[in-house]
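A.B. asks: Below: one structure in structure tokens.
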Amino acid sequence: MGFIAGCGSEADSSLGTQVTRISAADVAQRIASNTAPIILDVRSAEEYDAGHIPGAVHIPHTELAERFIEIGADRSDEIVVHCQSGRRAGIAEAVLLENGFSNVRDLDGHWKEWSAQGLPIE
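Residue 0 is where the sequence shown starts when you use numbering that gives the first Met the number 0, and the numbers rise one by one after that.
Okay, structure coming up:
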């Protein structure tokens with residue numbers, strides 16, 4: 000199975016249309032309007048502790064296969080996955096799809112873009 004590239008404009012074709020991109024601005028607007036999707040941060044604990052998107056669920060990509068139940072989502076809930084730049088998110092997205100999650104999104108630009116835009120951070 001393929002993975003999502005961190006900086007491209009389209010999801011990797013090997014995942015088909017199962018993973019779509021969402022912009023940082025769209026996610027920030029949805030957080031502000033209390034309609035946020037589930038945000039899954041798959042970076043390391045150190046990266047997460049240094050700052051993260053408000054309300055993000057943190058599960059490192061290396062632990063997701065064993066801990067995805069902690070997301071607290073139905074398999075059809077929208078889940079936006081991000082890491083620092085894209086590689087780890089692609090791995091996590093594949094794990095979610097393999098475990099039956101059907102509404103997986105990739106945060107366009109990932110943490111680098113979120114922080115560069117000065118969007119809210121906890």
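Note that the Cβ used here is the ideal one computed from N, Cα and C, for glycine as well.
What you are looking at is a predicted structure, and each value in this text was computed from that prediction instead of being measured.
If I measure Cβ to Cβ from GLU97 and keep anything under 7 Å in the same chain, skipping five residues before and after, which residues do I get?
C.D. replies: The count along the sequence shown starts at 1 and reaches residue 97 at position 98. Here the set comprises nothing.
A.B. asks: Could you tell me how far apart the beta carbons of HIS109 and GLN83 are, in whole angstroms, since I believe they sit closer than 8 Å?
C.D. replies: Position 110 of the sequence shown, counted from the first residue, corresponds to residue 109. Position 84 of the sequence shown, counted from the first residue, corresponds to residue 83. So it is a contact: roughly 6 Å between Cβ atoms.
A.B. asks: Can you tell me the Cα-Cα spacing of PRO114 and ILE120, whole angstroms?
C.D. replies: The residue given as residue 114 occupies position 115 in the sequence shown. The residue given as residue 120 occupies position 121 in the sequence shown. The sequence shown places Ser at residue 114, rather than the Pro named in the question. Roughly 8 Å separates the two Cα atoms.
A.B. asks: Within the stretch 22–92, note down every full beta strand (DSSP E) run reaching 3 residues or more, in order along the chain.
C.D. replies: Whole beta strand (DSSP E) segments, 3+ residues: 37–40, 78–81.
A.B. asks: Suppose the cutoff is 6 Å on Cβ atoms and the five residues either side in sequence are ignored; what does the same chain contact list for VAL94 look like?
C.D. replies: In the sequence shown, residue 94 corresponds to position 95, counting from 1. Same-chain partners within the cutoff: LEU63, ALA64.
A.B. asks: Just to confirm my understanding: we take LEU60, look at its own chain, exclude 5 residues before and 5 after, and list those with CB closer than 6 Å. What are they?
C.D. replies: Residue numbering aside, residue 60 sits at position 61 when the sequence shown is read from its first letter. Checking the sequence, you will find His at residue 60 rather than Leu. Correct list, in chain order: VAL41, ARG87, ILE90, ALA91.
A.B. asks: Is DSSP giving LEU106 helix, strand or coil here?
C.D. replies: As a first step, residue 106 must be located in the sequence shown, where it is residue number 107. Looking at LEU106 - three-state DSSP - the assignment turns out to be strand.
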